[in-house]
Structures are given as C-alpha cells and as structure tokens.
Amino acid sequence: MIALARLRLTGFLRTGRALAPLLAGLLVLGVLYGGGRARPAEAYGVSAVVLFPVLAWQTKILLDVEPDVQRRLARVVVGPARERAAGLLAALVAGLAVVVVALVLPWPLGGVTATVGPGERPVLVGVALGLWAHLLALPAAVALGALASRAVTRSAGYGVAVLVTGAVGIVVLGLSGSVAPWVVPPVMATARAVTGPVAAGAGLLLTGWAVAWTAVALTGYAWARRTRA
Amino acid sequence: MRLDGVWLRYHRQGPWVLRQVDVAIGPAEVAVVLGRNGAGKSTLLQLAAGVLRPSRGRVADRPPVVGWVPERFPADQPFTVGAYLSAMGRVAGLPGPAADRAVRHWVERLGLTRFHDVRLPRLSKGTAQKVGLAQALLRPPGLLVLDEPWEGLDATARESVPEIIGEVLAGGGTVLVSDHRGETVRLPGARHLSVTDGTVTEEATSGGAAVAVVELAVPAAGLAAAVTRLRAEGHQILRVREHAVPPPATHPVPASAGPSGTGGSVGESAAGSPDQAGAGAEDSAGPGPASEAAR
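Each protein sequence line maps, in turn, to chains E and F. Residue 193 in full-length UniProt numbering sits at position 193 of the first sequence, with consecutive numbering throughout. Residue 69 in full-length UniProt numbering sits at position 69 of the second sequence, with consecutive numbering throughout.
This is how it looks when you write it as structure tokens:
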C-alpha cells in the first residue's frame, strides 16, 4: 500500500498537476494574510476554512491523475481495499505538505503577531490550536475530494458539483445558528472555537464530530467504489 | 477459480452484460474466451481478475497473485519503462532487489532493454503492450488474465506469449485469455469459452480434427513439385496464386520453419499438427485472412 501511495504521489508531482492547487492555496493564504497581523490561533482557524476547498480539490486532482486502467491494474495487484486506502494515504500526505506551508507562510508574510498581551495565549499554544484546526479539516477535505474523484463521479461535471457543494456547504451550514451544522465537518465551528479559550470537552466534541463526519464520508466512498473500479 | 452464478451490469438500471455465468477453471488449465466485439469478453476477464465485482453471484477460489494484461496498456503516465515496472514490482509486494531482478528479467525477455529509460507516453502501442505484459508477470501469477495479448505485438513477442502461458501453466497457474484474431491456435489443449448475448458456454474443442490454413511461398519453378509433395504428405491444397505482394500473415511463421522466396503462394490446409488444435476458434471470432483463403 505504501508503494502504491508513493507511485501515485510521484505521478501527481511529475505531471505538474500539483501546481494548480498549490498556487490556489498560496493565493488564498496571500489574500488572508495580506490585510494585517492577527493572533496565531484566530488566523490559523480561518486558514483552515479557506484551505478546505483547496485540499479537497487537490485530493480530486491527485486521484484523477492516474489513468482509469492503471487504477484497475493497482486494484488487481493489491486488492480493492488497499487500492482505495493507498489513494487516500497519498492525498493525506500531499495535504499535510499544504498544511505545513499554511502554518509557516504567515510568519514571513507578517500575517501573525508573536506579541503576547496580558491574559493572552502563548504563541506556541496558538500554533498548536492552528495545527489542530488544520488537522481536523484535512481528513474531511480528503474525504470530500475522494467523493468528487472520477472513479466515483465518472464525469468532470459531477466531480466539480460535488466539490462546490461541499465547499459552499461547510461555510453556509457551518455559520452560527445553522439549522443543520452536523451535516458538514466542523471547520467553521473550529475556527470560531479557537478565537476564545477552548475547553477540553469542546475540543473533544469537535474532534469527534470531524472524525465521525470523515468516517461517514469515507464509508460512502468505499461503498461507491465497490462497483466503480 | 470459479464463477458461481455471476451476473453483471454496469449500472443499476442498465442492461445485463453477463447473465448466470458458471465457469470453473482449474490449476494448470488455460481457457480461451471467444466472442464477437462487445459480447462481454473483457467484462468476463475483468470479473475473473478482480477488476469488476459481480452484481450477483460470486467469484471464488481466485489465486492470491493475479496478473492482468488489459487490452490497452495505460501509457499516459509520467514514468520511464524501468521506473514504472520497478514501482509495480514493489506494489506487488516484491522487496526492492527482487523487484529489480524481476524487472531486468522481463525487460530482457520481452525485448524492452533499449526502452528501459524511455518514458511510457513515447512508446509505440506494441511496446507499451509489452510493458503491460511485463507488469503482470513480475510476480509469478497464480491466475494470468490476458485481454487480447497479441494485439499490436511484433512477431517475436507474439511467439513468446504461448511460451509464457506454458510457463504459468507449468507452475500450476491458471490462464484466461481472450482473442479475436485466431492467435489461440498457438494454445493447444485450451478450453474454449464462448460469450454470446451475455451468456457463457463452453465449446467442445475438436482436437486432432481441427484444421488451419498455412500460406506458403515457393519458387515458381518448383511449384508443381511442391504441390505434388504436399498432397502426397496428406495436406489439402486450397488454391495457388501469384505472389506479388505477400498478404499479412495471420500467424507469422519463424524463418526457421521453412524456405521463403518469390514465386507462387500455396494456401495449404494442414491437419494433425500440434499447433492446429484450436483452429476452430476462428469460426467464433470472425473470419480472418486464413479462413478467407480457405474458401
């Protein structure tokens, strides 16, 4: 499975198709951090929200780079479950690279401040909360991208529709007072939570929510891929 | 390996592509899948290989190592031949050195040495097909599924396919192969599965009674003597024609198999040769040059 994930990552990088989502990610981060300084946790919370569609799109591109017949060859060699898992693993690794960029980039851009006022969180705690926010968003974004991949949707139009619906959904249904916040992963809820003190209970709830949403989405992906080689 | 009551359709509301397929192929057995274009040959092969999942029924006792050679190798990938095959060897579970050894072996055997560092999209169709064949053989397969394996291959590589199949069979493996060009006359003893209107039936092989057509070129001066000698040996002469431009051979014959030169061409029907056992397959696969010559 590791060898297949490596093969897919290599293909993703060598075709140059990694550039488009990377540039899109840099663009949204540039816009985000171009307006002035913010405290790390708040900035990273919003960063996770704006990067969510980029990470999902990147996952779709990575899974779609491989020709359909090559994906089927891999399925024959390693079996259906490992073939699916290898794609998701490759997407997670690629997503982690983007998360690292997202955590580092605001410092040279001057988008965050290291100055800590009285009663404020230390910088390291803010960075840790930012990392947590991104790590909650990443698996859900990978799951959404997998659901939008060509192997599932079979057409570019449906794939884009799934991506757009998901990206708009996490914002619209994630707003305060949403009628059905549980339908989407808690990316917006996490961004709001990290602006204030995060209680352990709230942190666990958000983590469990994100894990459950990702598990449901990945179950749907596995179910859809049963008959879609 | 068994297909038990297998039905398949690609979409929930779509038509059934295969219906109630019951096939069992044992170790050291080779089965040829025949049928017209679109009959469902590739679908049957993909079910056997594990690419497709039956809509109903099940595929049982599939060997753990399966090699699948698709009809068209996906060459649109950013790797060289060597890098791709090494990576596929590792994907198949071979440790690095073993994968490299297997790649070297199959690259040399299939004549891919000078393409080792060539990127896959730059390969011709036939060379890409050899890469497809090599990736399926990196780990000795317990089940080898070949979808039109002769398509696009040069004469030397076409000759090597039956050898490779023989080696898989000798190792106790099972081989499933589709063919619409009549190449399976090279597989004596193969079972014939016919796919028609979504159903799969086994055709009785005619064994020693099968007949194939061999086109020979003989010097014009010795034509009469050659015809007489061939008739004396029990062969049936179908026709004699001028040999201006040699027609494409259905199965190229190695140079060592007989003399060649300009002169008359003799369409000869040969019976009893070990290579001829599967010739009846062409009736199902559609008429090719050989069967046209027989008319």
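We put the CB at the ideal spot given by N, CA and C, even for glycine. None of the values given here were measured: they were computed from a predicted structure.
Among the options, which has the Cα closest to the Cα of residue i?
{"i": "Thr174(F)", "options": "Arg191(F), Gly14(F) and Thr196(F)", "result": "Arg191(F)"}
{"i": "Pro78(F)", "options": "Thr199(F), Ala232(F) and Leu123(F)", "result": "Leu123(F)"}
{"i": "Glu183(F)", "options": "Asp147(F), Thr199(F), Phe115(F) and Arg231(F)", "result": "Asp147(F)"}
{"i": "Leu96(E)", "options": "Ala224(E), Leu135(E) and Ala85(E)", "result": "Leu135(E)"}
{"i": "Val23(F)", "options": "Ala134(F), Arg241(F), Asp61(F) and Asp76(F)", "result": "Asp61(F)"}
{"i": "residue 233(E)", "options": "Arg39(E), Gly174(E) and Ala224(E)", "result": "With chain E covering only 1 through 229, there is no way to say anything about residue 233(E)."}
{"i": "Ala90(E)", "options": "Arg17(E), Thr115(E) and Leu4(E)", "result": "Leu4(E)"}
{"i": "Glu202(F)", "options": "Val33(F), Glu29(F), Asp4(F) and Val6(F)", "result": "Val33(F)"}
{"i": "Ala199(E)", "options": "Ala229(E), Ala215(E), Leu129(E) and Pro118(E)", "result": "Leu129(E)"}
{"i": "Val49(E)", "options": "Gly174(E), Leu9(E), Leu218(E) and Val179(E)", "result": "Gly174(E)"}
{"i": "Glu242(F)", "options": "Leu223(F), His105(F) and Glu233(F)", "result": "Leu223(F)"}
{"i": "Arg53(F)", "options": "Met88(F), His11(F) and Ala39(F)", "result": "His11(F)"}
{"i": "Pro149(F)", "options": "Ala87(F), Leu85(F), His180(F) and Ala220(F)", "result": "His180(F)"}
{"i": "Arg104(F)", "options": "Leu238(F), His116(F) and Leu94(F)", "result": "His116(F)"}
{"i": "Asp154(F)", "options": "Leu112(F), Pro141(F) and Asp76(F)", "result": "Leu112(F)"}
{"i": "Asn37(F)", "options": "Leu216(F), Asp197(F) and Ala128(F)", "result": "Asp197(F)"}
{"i": "Val17(F)", "options": "Val81(F), Ala28(F) and Leu47(F)", "result": "Leu47(F)"}
Between residue i and residue j, what straight-line distance do the alpha-carbon atoms span, to the nearest angstrom?
{"i": "residue 255(E)", "j": "Val131(F)", "result": "There is no way to answer for residue 255(E), as the model of chain E reaches only from 1 to 229."}
{"i": "Val152(E)", "j": "Ala202(E)", "result": "34 angstroms"}
{"i": "Ala193(E)", "j": "Val168(E)", "result": "20 angstroms"}
{"i": "Pro162(F)", "j": "Gly57(F)", "result": "32 angstroms"}
{"i": "Arg2(F)", "j": "Pro70(F)", "result": "21 angstroms"}
{"i": "Ala156(E)", "j": "Leu120(F)", "result": "25 angstroms"}
{"i": "Trp132(E)", "j": "Pro181(E)", "result": "20 angstroms"}
{"i": "Pro274(F)", "j": "Leu187(F)", "result": "At Pro274(F), the pLDDT of 39 sits below 50, so the modelled position is not reliable; the number obtained from the coordinates is stated separately. Distance between the alpha carbons of Pro274(F) and Leu187(F): 9 angstroms."}
{"i": "Trp209(E)", "j": "Leu8(F)", "result": "38 angstroms"}
{"i": "Thr207(E)", "j": "Arg114(F)", "result": "54 angstroms"}
{"i": "Gly26(F)", "j": "Ala157(F)", "result": "27 angstroms"}
{"i": "Leu51(E)", "j": "Ala140(E)", "result": "12 angstroms"}
{"i": "Phe12(E)", "j": "Val31(E)", "result": "26 angstroms"}
{"i": "Gln20(F)", "j": "Val185(F)", "result": "28 angstroms"}
{"i": "Asp100(F)", "j": "Gly166(F)", "result": "24 angstroms"}
{"i": "Gly14(F)", "j": "Pro197(E)", "result": "55 angstroms"}
{"i": "Leu73(E)", "j": "Trp68(F)", "result": "7 angstroms"}
{"i": "Val65(F)", "j": "Arg82(E)", "result": "15 angstroms"}
{"i": "Gly25(E)", "j": "Ala224(E)", "result": "29 angstroms"}
{"i": "Arg229(F)", "j": "Gly126(F)", "result": "38 angstroms"}
{"i": "Ser86(F)", "j": "Pro80(E)", "result": "21 angstroms"}
If you reduce the DSSP assignment to three classes, tell me which class residue i lands in.
{"i": "Val33(F)", "result": "strand"}
{"i": "His105(F)", "result": "helix"}
{"i": "Ile170(E)", "result": "helix"}
{"i": "Leu55(E)", "result": "helix"}
{"i": "Val175(F)", "result": "strand"}
{"i": "Val100(F)", "result": "The residue you asked about is not Val; residue 100(F) is Asp in the sequence shown. Of the three classes helix, strand and coil, the one that applies to Asp100(F) here is helix, per DSSP."}
{"i": "Thr153(E)", "result": "helix"}
{"i": "Trp68(F)", "result": "strand"}
{"i": "Ala180(E)", "result": "coil"}
{"i": "Leu7(E)", "result": "helix"}
{"i": "Leu18(F)", "result": "strand"}
{"i": "Leu47(F)", "result": "helix"}
{"i": "Asp76(F)", "result": "coil"}
{"i": "Asp68(E)", "result": "helix"}
{"i": "Val211(E)", "result": "helix"}
{"i": "Gly130(E)", "result": "helix"}
{"i": "Gly5(F)", "result": "strand"}
Determine whether the beta carbon atoms of residue i and residue j lie at a separation below 8 angstroms.
{"i": "Val99(E)", "j": "Leu62(E)", "result": "no"}
{"i": "Ala102(F)", "j": "Leu44(F)", "result": "no"}
{"i": "Leu109(E)", "j": "Tyr33(E)", "result": "yes"}
{"i": "Val107(F)", "j": "Val77(E)", "result": "no"}
{"i": "Arg121(E)", "j": "Ala212(E)", "result": "no"}
{"i": "Leu105(E)", "j": "Leu29(E)", "result": "yes"}
{"i": "Leu176(F)", "j": "Val145(F)", "result": "yes"}
{"i": "Gly166(E)", "j": "Lys60(E)", "result": "no"}
{"i": "Val227(F)", "j": "Val214(F)", "result": "no"}
{"i": "Ala85(E)", "j": "Met1(E)", "result": "yes"}
{"i": "Gln58(E)", "j": "Ala94(E)", "result": "yes"}
{"i": "Ala110(F)", "j": "Ala134(F)", "result": "The residue you asked about is not Ala; residue 110(F) is Leu in the sequence shown. Taking 8 angstroms as the Cβ cut-off, Leu110(F) and Ala134(F) qualify as a contacting pair."}
{"i": "Ser42(F)", "j": "Ser194(F)", "result": "no"}
{"i": "Ala148(E)", "j": "Ala56(E)", "result": "yes"}
{"i": "Arg6(E)", "j": "Val65(E)", "result": "no"}
{"i": "Thr227(E)", "j": "Pro185(E)", "result": "no"}
{"i": "Pro21(E)", "j": "Leu163(E)", "result": "no"}
{"i": "Val160(E)", "j": "Arg37(E)", "result": "no"}
{"i": "Pro140(F)", "j": "Gly171(F)", "result": "yes"}
For the ligand GDP, I want to know if residue i counts as a neighbour, meaning its beta carbon is within less than 7 angstroms of at least one of the ligand's heavy atoms.
{"i": "Ser155(E)", "result": "Ligands are entirely absent from the displayed structure, and the ligand GDP is therefore not among its contents."}
Item to check | Whole alpha helix (DSSP H) elements within the region 185 to 241 of chain F, 4-residue minimum | outcome: 223 to 232
Next on the checklist: In chain order, what are the residue ranges of uninterrupted alpha helix (DSSP H) at least 4 long that sit wholly in the region 13 to 50 of chain E?
Outcome noted: If we require 4 residues or more, the alpha helix (DSSP H) runs fully inside the region 13 to 50 of chain E come out as 19 to 33.
Item to check | Inside the region 83 to 169 of chain F only - beta strand (DSSP E) runs reaching at least 3 residues | outcome: 143 to 147
Next on the checklist: What ranges does the alpha helix (DSSP H) occupy inside the region 81 to 144 of chain E, keeping only unbroken runs of at least 4 residues that lie completely in it?
Outcome noted: 106 to 109, all fully within the region 81 to 144 of chain E.
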